[in-house]
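Protein chains in written order, with the working numbering: chain A, 1 to 307; chain B, 1001 to 1270. Report on the structure given below.
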Amino acid sequence: MILLLGSLTMGLILSLLAFGVLVTFRVLAFRDLTVDGSVALGGAVAAALLVRGTHPLVATAGAFVAGALAGTVTGVLHTRCKINGLLAGILVMTALYSVNLHVLSKSNVPLDPEAIPTLMSYAGSASQMTDLFGWEVPTRELIVLVAAAIGVAMVGFALHCFFQTQWGLALRATGDNDQVIRALGADVGWMQTGGLALSNGLIALGGGLVVQYQGFADVQMGIGMVVWGLASVIIGDSLVGTKQLGWLLCGAVMGSVLFRLMVALALRGGLNPNDLKLVTATFVFVALVLPDVWKWWMSRRAVRNVA
Amino acid sequence: MLELKNAYKTFYAGTANEVRALRGVDLRIAEGEFVIVIGTNGSGKSTLLNAVAGTFYLDDGEISLAEHDVTAWPEHRRAQLIGRVFQNPFHGTAPSLTILENLVLALRRGQSRGLGWAIPKDARDQLRERVRLMGLNLEDRLDTPIGSLSGGQRQSLTLLMATLVQPKLLLLDEHTAALDPKSADQVIRLTERVIKQDRLTTMMVTHSMQQAAHLGDRLVMMSGGQVVCDIRGDEKKHLRPEDLLARFEEIRRSDLLDESAAEMLAEMYV
Ligand SMILES: Nc1ncnc2c1ncn2[C@@H]1O[C@H](COP(=O)(O)OP(=O)(O)OP(=O)(O)O)[C@@H](O)[C@H]1O
Ligand SMILES: [Mg+2]
Chain A
1 MILLLGSLTM
11 GLILSLLAFG
21 VLVTFRVLAF
31 RDLTVDGSVA
41 LGGAVAAALL
51 VRGTHPLVAT
61 AGAFVAGALA
71 GTVTGVLHTR
81 CKINGLLAGI
91 LVMTALYSVN
101 LHVLSKSNVP
111 LDPEAIPTLM
121 SYAGSASQMT
131 DLFGWEVPTR
141 ELIVLVAAAI
151 GVAMVGFALH
161 CFFQTQWGLA
171 LRATGDNDQV
181 IRALGADVGW
191 MQTGGLALSN
201 GLIALGGGLV
211 VQYQGFADVQ
221 MGIGMVVWGL
231 ASVIIGDSLV
241 GTKQLGWLLC
251 GAVMGSVLFR
261 LMVALALRGG
271 LNPNDLKLVT
281 ATFVFVALVL
291 PDVWKWWMSR
301 RAVRNVA
Chain B
1001 MLELKNAYKT
1011 FYAGTANEVR
1021 ALRGVDLRIA
1031 EGEFVIVIGT
1041 NGSGKSTLLN
1051 AVAGTFYLDD
1061 GEISLAEHDV
1071 TAWPEHRRAQ
1081 LIGRVFQNPF
1091 HGTAPSLTIL
1101 ENLVLALRRG
1111 QSRGLGWAIP
1121 KDARDQLRER
1131 VRLMGLNLED
1141 RLDTPIGSLS
1151 GGQRQSLTLL
1161 MATLVQPKLL
1171 LLDEHTAALD
1181 PKSADQVIRL
1191 TERVIKQDRL
1201 TTMMVTHSMQ
1211 QAAHLGDRLV
1221 MMSGGQVVCD
1231 IRGDEKKHLR
1241 PEDLLARFEE
1251 IRRSDLLDES
1261 AAEMLAEMYV
């Protein structure tokens, strides 16, 4: 039961990562690889601020701002310095590894909610238990789960509203057909940079929350996160089966939670944790390739039926 | 209104593929003038329009538009003065956005985009009326993604988007070339109406003799990156396809157009 609660909460928190990936990969049609760096950056900045006694809400906001800055750098590298988008992301991600080490000043920083105030500290102590349909579960876990659900719903709703604003609509049009948006008087470069800032801000916010939830920050925590985010978005897409942005946002949350549950189950079922990233990557590969293979196979069958 | 002074543009300068697409174009267009641009493939018509729109910067020369020196303005900044329709119906609209969303995007051409609602309350009715006036029967499908419409419908909507906020200059680059004859005809009639109604200053590139002879109040012919012929006033009004052919011949004799180009023109337009 605790395992279930834990993966639900983690899935919800990481839907912020899925939102971020959705903004770049789906809305802007930009393959942003800054992700791994900005997850860890968010975690590092939040942890560093918390350790110094900053208010947890301020520290969490700090994670968002740091991520937005990282996204801006990727955007400027791509749009002003004309570096290929993939490469711009990789450059920033690589550079961020050193930045994160500096921010954290060591590779792993513990964040015990009993010792330093974090968002977890608001949820009470770890020892209190509650009865949930006959299971004994820590009260804190329940509170955090509910808070995460509310928080993610609010961020998702805010994003949905944002995409209905003039700026948000222009952002969507940029990913759809940048020629149009240029002819209608918007600077595509700034649009992309703004989108990248928003996306990486959300991703770093996720990182900042993850470190508080799991109780430590680690410079390695970002590795493979872009694939995890993609996996969530892909699962979400197939769950909602529409291209409407509001639904895609819902899908991203569902995808993220479902993905977490699957990972937890697989690990419990005896999957070697070392193989986790290999399995995830394979999954994303299959999910990306399968629709094409399926189409190809169906068309071949159709041809054979005619013949 | 629009003035190009000594405009030069060379692509791939200094390589074996060097193309001198504009070679000293001087052109003045008065307010409210409707200029037809013709010429052979590769004569620089699109390059001329792109240079005005700011798709790239000139190598040399100046462009001024509506009292502004726009030579150094980037494309998105010039867009506050210019409405455009492209040859490819896919270029002018954002396919996964709805008709209404595309139109409200166009409604803010040349203005800043902030965090206000993209679709203000009264915009829907207002835009619905504009679509109805186009006579496309699309006014009840405002929430359909534009990508699901036909090329002709998309091109008509692009025209509406380009003129929704009245532009100082309308640029049409073979905007009916990719359409079937019936849709092309419809889009041309719409174009004529919109231009007349708002007295829009317009440059329209075409390969159709019909359109060249019957539309516009001035005709400019490009060849080899230069304006080689400029017909206006009464002469344009009474211009018949045969007259145009005679002009081609004349230009060929004066060596401004080489033989193959003249043949190509004759073939293309007759
Ligand atoms: N962006 C570009 N990059 C490189 N070369 C270009 C570019 N745009 C145009 N050219 C070249 O400049 C020359 C003039 O092209 P342009 O498109 O202006 O011709 P056009 O008169 O519009 O012809 P068409 O009737 O085929 O549309 C051509 O040789 C073309 O290959
Ligand atoms: Mg052309």
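Ideal placement from N, C-alpha and C gives every residue a C-beta, glycine not left out.
N-terminal and C-terminal residue of the beta strand (DSSP E) that residue i is part of
i        : result
R1232(B) : 1226-1232
E1003(B) : 1002-1011
S1223(B) : 1218-1223
R1020(B) : 1019-1029
T174(A)  : T174(A) -> not in any beta strand (DSSP E); alpha helix (DSSP H) instead, spanning 166-176.
A317(A)  : In the structure displayed, chain A extends from 1 to 307; residue 317(A) sits before or after that span and is not available.
E1333(B) : Any answer about residue 1333(B) is impossible in this case: the structure gives chain B only from 1001 up to 1270.
D1125(B) : Per DSSP, D1125(B) belongs to no beta strand (DSSP E); it is in the alpha helix (DSSP H), 1123-1134.
Rounded straight-line distance, which links the Cα of residue j to that of residue i
i        : j        : result
M262(A)  : L1171(B) : 55 Å
R140(A)  : S125(A)  : 7 Å
S138(A)  : M120(A)  : First, the residue type needs correcting, since residue 138(A) is Pro and not Ser in the sequence shown. Cα to Cα, the separation comes out at about 13 Å.
H1076(B) : A1177(B) : 25 Å
M10(A)   : L248(A)  : 19 Å
G1032(B) : L205(A)  : 54 Å
G6(A)    : L12(A)   : 10 Å
T79(A)   : Q192(A)  : 8 Å
V227(A)  : T280(A)  : 7 Å
E1053(B) : V1085(B) : The sequence shown places Ala at residue 1053(B), not Glu. Going by the C-alpha atoms only, they are around 11 Å apart.
L1190(B) : A1007(B) : 32 Å
Classification of residue i by the beta-carbon crowding that lies within 10 angstroms, buried from 16 upward
i        : result
T1015(B) : exposed
A1094(B) : buried
G43(A)   : buried
N108(A)  : exposed
H1175(B) : buried
W294(A)  : exposed
D292(A)  : exposed
T282(A)  : exposed
D131(A)  : exposed
C81(A)   : exposed
A68(A)   : buried
Q166(A)  : buried
F1056(B) : exposed
I1188(B) : buried
T309(A)  : Shown here, chain A extends from 1 to 307; a query on residue 309(A) therefore has no answer.
P110(A)  : exposed
S98(A)   : exposed
E1101(B) : buried
N305(A)  : exposed
F25(A)   : buried
Whole-angstrom C-beta distance between residue j and residue i, which should lie under 8 Å
i        : j        : result
L245(A)  : F163(A)  : 5 Å
K1009(B) : L1022(B) : 4 Å
V27(A)   : G208(A)  : Not quite, the Cβ-Cβ distance comes to about 23 Å (not below 8 Å), so this is no contact.
L1049(B) : M1203(B) : 6 Å
A170(A)  : L1105(B) : 7 Å
A18(A)   : G222(A)  : No, A18(A) and G222(A) are not in contact; Cβ-Cβ is about 15 Å, not under 8 Å.
A70(A)   : S38(A)   : 5 Å
T1206(B) : I1036(B) : 6 Å
Listed by chain order, chain A residues near residue i by CB distance under 9 Å
i        : result
V1104(B) : Q166, L169
E1249(B) : Simply none; closest approach about 38 Å.
Q1080(B) : G185
G1092(B) : N177, Q179, V180, A183
E1101(B) : L169, R172, A173
Residues that residue i contacts on chain A, provided the C-beta gap is smaller than 7 Å
i        : result
E1075(B) : R182
R1109(B) : L184, G185
Unbroken alpha helix (DSSP H) run spanning residue i, endpoints
i        : result
Y25(A)   : According to the sequence as given, residue 25(A) is Phe; it is not Tyr. That residue, F25(A), is in no alpha helix (DSSP H); it is neither H nor E in DSSP.
L1169(B) : Unbroken run through L1169(B) is the beta strand (DSSP E), 1169-1173; no alpha helix (DSSP H).
V109(A)  : Element bounds for V109(A): not the alpha helix (DSSP H) but the beta strand (DSSP E), 108-110.
D1198(B) : 1181-1198
R141(A)  : For the sequence presented, residue 141(A) should be read as Glu rather than Arg. Run containing E141(A): 139-162, per the alpha helix (DSSP H) assignment.
D36(A)   : 35-51
E1033(B) : Element bounds for E1033(B): n/a, residue is neither H nor E.
M93(A)   : 85-104
Under 8 Å by beta carbon: chain A residues contacting residue i
i        : result
P1167(B) : Residues of chain A passing the Cβ test: none, with the nearest at roughly 11 Å.
R1084(B) : A183
G1116(B) : T165, Q166
Any chain C beta carbon closer than 9 Å to residue i
i        : result
P1095(B) : In the structure shown, chain C cannot be found, because the protein chains are A and B.
Residue i: contacting residues in chain B (beta-carbon distance under 7 Å)
i       : result
R172(A) : L1097
A186(A) : H1076, R1113
9 Å Cβ cut-off: residues of chain B touching residue i
i       : result
K243(A) : S1096, P1145
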